[in-house]
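*Asks:* This is the structure I want to talk about, given as structure tokens.
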Amino acid sequence: MTERISETLETALWEALQEVKDPEIPTVSVVELGMVHRVAAEGGRVTVEMLPTFVGCPALDILRRDVTARLAQVDGVEEVEVRFVLNPPWTSDRITPEGRRKLAEFGLAPPPAADGPAIPPECPYCGARDTAIENLFGPTACRAIFYCKACRQPFEGLKPV
Amino acid sequence: MYKAALIDFLYQLADDELLLGHRDSEWLGLAPDIEEDVAFSSIAQDEVGHATLFYHLLSELGEGKADDLAFGRPAAVRRNARLVERPNGDWAYTIVRHLVYDVFEAVRLEALASSSYAPLAHGAVKIRREERYHLLHMETWFTRLGQAGGEARERVERAVAAVWADLGDLFSLGAHEALLVAEGILPITRNELARRWEARMKPLFEAAQLAWPGAPQPAMEDGRLGQHSADLDALLETMSEVYRIDPQARW
Numbered sequence: 192m193t194e195r196i197s198e199t200l201e202t203a204l205w206e207a208l209q210e211v212k213d214p215e216i217p218t219v220s221v222v223e224l225g226m227v228h229r230v231a232a233e234g235g236r237v238t239v240e241m242l243p244t245f246v247g248c249p250a251l252d253i254l255r256r257d258v259t260a261r262l263a264q265v266d267g268v269e270e271v272e273v274r275f276v277l278n279p280p281w282t283s284d285r286i287t288p289e290g291r292r293k294l295a296e297f298g299l300a301p302p303p304a305a306d307g308p309a310i311p312p313e314c315p316y317c318g319a320r321d322t323a324i325e326n327l328f329g330p331t332a333c334r335a336i337f338y339c340k341a342c343r344q345p346f347e348g349l350k351p352v
Numbered sequence: 037m038y039k040a041a042l043i044d045f046l047y048q049l050a051d052d053e054l055l056l057g058h059r060d061s062e063w064l065g066l067a068p069d070i071e072e073d074v075a076f077s078s079i080a081q082d083e084v085g086h087a088t089l090f091y092h093l094l095s096e097l098g099e100g101k102a103d104d105l106a107f108g109r110p111a112a113v114r115r116n117a118r119l120v121e122r123p124n125g126d127w128a129y130t131i132v133r134h135l136v137y138d139v140f141e142a143v144r145l146e147a148l149a150s151s152s153y154a155p156l157a158h159g160a161v162k163i164r165r166e167e168r169y170h171l172l173h174m175e176t177w178f179t180r181l182g183q184a185g186g187e188a189r190e191r192v193e194r195a196v197a198a199v200w201a202d203l204g205d206l207f208s209l210g211a212h213e214a215l216l217v218a219e220g221i222l223p224i225t226r227n228e229l230a231r232r233w234e235a236r237m238k239p240l241f242e243a244a245q246l247a248w249p250g251a252p253q254p255a256m257e258d259g260r261l262g263q264h265s266a267d268l269d270a271l272l273e274t275m276s277e278v279y280r281i282d283p284q285a286r287w
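Protein sequences, first through last, are from chains A and B. FYI, in this note's numbering the residues of the first sequence are 192 to 352. FYI, in this note's numbering the residues of the second sequence are 37 to 287.
What follows is the structure in structure tokens.
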């Protein structure tokens, strides 16, 4: 029998997820990145539906491991299943305002609106708008490389997708 | 019959992406500059990731483990178009081949977004968002090389001739075309795919100041029916070398 997830458990699960960080961006949580689609519980059995940022993201197995390990510590949780789903698709518009702030703090420019014009983002270091695209591709699938003409610093940013 | 058509078509999608992704990865350390090293590594990772998704869909349909489907199948049962099994050649060939394929893929994914098979439709919507960047990159290179004139342009012209000779089976849908379209697994015909592809390619040739080579000619041999060149044997030999040492190994 499916029971409605209790409010206490639901709060505890989301708080725990807030502590799971992206393996490549250790200051931003999976919740802030908009990667958690749904959390459900049936008795002590918890199911988390997550959205991969990129289909070929090699960090998915690490995320599955980290989410499973953290949620297993929550009171009343006996079993955790993490499922990656593609519907709805993850888009960079899912990143929360808090997540965007933390990305910039980490030195990664938050992405412009996914359906907006293709303009390079503000420099995360000095805030200048006079920036240029260096490479549409970067060190991970979800990043691009830019250059700030004001502080003359190359920087990375998350791609709008 | 629906299932057989769906499985055959998923192999077309998976094998196309895996083999082109492998070719992309061959540029690692050899690309013209460090930006392209980064770009082609990233593009390779995307393409192989997309292939992984399609092999997983095949797994769910009872075809076996994704790794075995990717690395363990011989050339005769591969369903990729012949274009993606060709060696990289020079930089001009790499760019022209990728552009032609990326435009084709954009058209195919756009149609698949309304596939009757929901897992495929969801995957297509997600993959399209990523492929936009590949397309943008190849378009930039193609127009630059064409407009540059001199040796760059000559090499692009040679590359276009070589790619066009291999275009026939790119639009083939294999043995189950009628059923694929009728069931809405791929809701458009091969002729419509080719028509939409041409409509997008022509302005790119114009921008690159290159003559349009004409419509693709039907293929004598069809990769979607398992008719491949010796290039594929060589590619599979290299790509599966480590896998074959111990297919049971866990990675």
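Just so you know, even glycine gets a beta-carbon here, dropped at the ideal spot from N, CA and C. Being a predicted model, the structure only gives us computed values, none of them experimental.
Is PHE337 of chain A helix, strand or coil when you go by DSSP?
*Replies:* Strand at PHE337 of chain A.
*Asks:* Can you look up ASN227 of chain B in the DSSP assignment and give me helix, strand or coil?
*Replies:* Three-state DSSP puts ASN227 of chain B in a helix.
*Asks:* Can you pull the chain B residues whose beta carbon is under 7 Å from the beta carbon of ALA332 of chain A, in chain order?
*Replies:* The contacting residues are SER78, GLN81 and ASP82.
*Asks:* Over the uninterrupted beta strand (DSSP E) stretch that includes ALA147 of chain B, give me the two end residues.
*Replies:* Premise fails: ALA147 of chain B lies in the alpha helix (DSSP H), 127-148, not in any beta strand (DSSP E).
*Asks:* Classify GLU273 of chain B as buried or exposed, calling it buried when 16 or more other Cβ atoms lie within 10 Å of its own Cβ.
*Replies:* Exposed: under 16 other Cβ atoms inside 10 Å.
*Asks:* I'd like to know if LEU55 of chain B contacts chain A, where contact means its C-beta is closer than 7 Å to some C-beta of that chain.
*Replies:* LEU55 of chain B does not count as touching chain A.
*Asks:* Given a threshold of 16 other Cβ atoms within 10 Å of its Cβ, counted over all protein chains shown, does ALA285 of chain B qualify as buried or as exposed?
*Replies:* Its Cβ having fewer than 16 others within 10 Å, ALA285 of chain B is exposed.
*Asks:* So which residues of chain B does LYS350 of chain A contact, with C-beta pairs closer than 8 Å?
*Replies:* Neighbours of LYS350 of chain A on chain B, chain order: TYR169.
*Asks:* Roughly how many whole angstroms lie between the Cα atoms of HIS228 of chain A and LEU42 of chain B?
*Replies:* The straight-line gap from Cα to Cα measures roughly 28 Å.
*Asks:* Give me, in chain order, the residues of the same chain whose beta-carbon lies closer than 8 Å to that of VAL217 of chain B; leave out the 5 immediate sequence neighbours on both sides.
*Replies:* The answer, listed in chain order, is LEU209, PRO223, ILE224 and THR225.
*Asks:* List the residues of chain A whose Cβ lies closer than 8 Å to the Cβ of HIS173 of chain B, in chain order.
*Replies:* LEU327 and PHE328, listed in chain order.
*Asks:* Can you list the beta strand (DSSP E) stretches of 3 or more residues lying completely in the segment 193-244 of chain A, in chain order?
*Replies:* As far as the segment 193-244 of chain A is concerned, its whole beta strand (DSSP E) runs of at least 3 residues are 216-220, 227-233 and 236-241.
*Asks:* Indicate whether the contact test is met: 3 or more Cβ pairs, each with one atom in the segment 136-154 of chain B and one in the segment 229-240 of chain B, closer than 8 Å.
*Replies:* Output reads yes: the segment 229-240 of chain B touches the segment 136-154 of chain B.
*Asks:* DSSP on GLY250 of chain B, reduced to helix/strand/coil?
*Replies:* DSSP places GLY250 of chain B in coil when its eight states are reduced to three.
*Asks:* Alpha carbon to alpha carbon, how far is ALA128 of chain B from CYS339 of chain A?
*Replies:* Taking the straight line from one Cα to the other gives about 31 Å.
*Asks:* Would you list, in chain order, the members of the segment 155-169 of chain B that have their beta-carbon closer than 7 Å to a beta-carbon of chain A?
*Replies:* Correct list: HIS158, GLY159, VAL161, LYS162, ILE163, ARG165, GLU166 and TYR169.
*Asks:* Specify the secondary structure class of PRO345 of chain A as computed by DSSP and reduced to three states.
*Replies:* Here PRO345 of chain A sits in strand by DSSP.
*Asks:* Taking the DSSP output, what are the residues bridged to ARG274 of chain A?
*Replies:* Beta-bridge pairing links ARG274 of chain A to A:GLU240.
*Asks:* If we call anything under 7 Å between Cβ atoms a contact, is PHE328 of chain A one with ALA75 of chain B?
*Replies:* Going by C-beta atoms, PHE328 of chain A is nearer than 7 Å to ALA75 of chain B.
*Asks:* Please confirm if the segment 157-173 of chain B is in contact with the segment 106-119 of chain B, defined as three or more CB-CB distances below 8 Å between the two stretches.
*Replies:* Result no; under three Cβ-Cβ pairs closer than 8 Å.
*Asks:* Within 7 Å (strictly less), CB to CB, does LEU251 of chain A reach chain B?
*Replies:* No, its Cβ sits nowhere closer than 7 Å to a Cβ of chain B.
*Asks:* Is the shortest distance between the beta-carbon of LEU277 of chain A and the beta-carbons of chain B less than 7 Å?
*Replies:* Chain B contact via Cβ: present.
*Asks:* Just the chain A side, please: which residues come within less than 8 Å of HIS86 of chain B by C-beta, in chain order?
*Replies:* Near HIS86 of chain B (Cβ distances below 8 Å), the residues of chain A are VAL246 and GLY247.
*Asks:* Could you pull the DSSP bridge partners for LEU299 of chain A from this structure?
*Replies:* Answer is A:GLU347.
*Asks:* Measuring alpha carbon to alpha carbon, tell me which of B:LEU66, B:LEU156, B:LEU135 and B:TYR279 ends up nearest GLN48 of chain B.
*Replies:* Considering only alpha carbons, the answer is B:LEU156.
*Asks:* Do PHE178 of chain B and LEU135 of chain B come within 7 Å of each other at the CB atom, strictly closer than that value?
*Replies:* Their beta carbons are under 7 Å apart, which means LEU135 of chain B touches PHE178 of chain B by this criterion.
*Asks:* Identify the contact partners of THR282 of chain A in chain B, using a Cβ-Cβ distance below 8 Å as the criterion.
*Replies:* Within chain B, the residues near THR282 of chain A are ARG165.
*Asks:* Is the number of C-beta pairs between the segment 276-294 of chain A and the segment 251-268 of chain A that are closer than 8 Å three or more?
*Replies:* No: fewer than three Cβ pairs fall under 8 Å.
*Asks:* Kindly list, in the order they appear in chain A, the residues whose Cβ is closer than 7 Å to that of LEU89 of chain B.
*Replies:* Residues of chain A passing the Cβ test: VAL246.
*Asks:* Please identify, using Cβ separations under 7 Å, the residues of the segment 91-106 of chain B that lie next to chain A, in order along the chain.
*Replies:* For the segment 91-106 of chain B, which is checked against every Cβ of chain A, not one residue is closer than 7 Å.
*Asks:* Kindly indicate if chain A contains any beta-carbon less than 7 Å away from that of GLU141 of chain B.
*Replies:* Chain A, which has no Cβ nearer than 7 Å to the Cβ of GLU141 of chain B, makes this no.
*Asks:* Could you tell me whether the Cβ of VAL74 of chain B comes closer than 7 Å to any Cβ of chain A?
*Replies:* True, the Cβ-Cβ gap to chain A drops below 7 Å.
*Asks:* Beta-carbon separation of SER265 of chain B and ILE221 of chain B under 7 Å?
*Replies:* For SER265 of chain B and ILE221 of chain B, no; Cβs fall outside 7 Å.
*Asks:* Identify, in the order they occur along the chain, each residue of the same chain with its Cβ nearer than 7 Å to the Cβ of LEU261 of chain B, setting aside the five sequence neighbours on each side.
*Replies:* Cβ within range, chain order: GLY210 and ALA211.
*Asks:* Taking buried to mean at least 16 other C-beta atoms within 10 Å of its own C-beta, is ASN326 of chain A buried or exposed?
*Replies:* Its Cβ being crowded by 16 or more others within 10 Å, ASN326 of chain A is buried.
*Asks:* In angstroms with no decimal places, state the Cα-to-Cα distance between GLY198 of chain B and PHE337 of chain A.
*Replies:* This sequence places Ala at residue 198 of chain B; Gly is not what is there. Roughly 35 Å separates the two Cα atoms.
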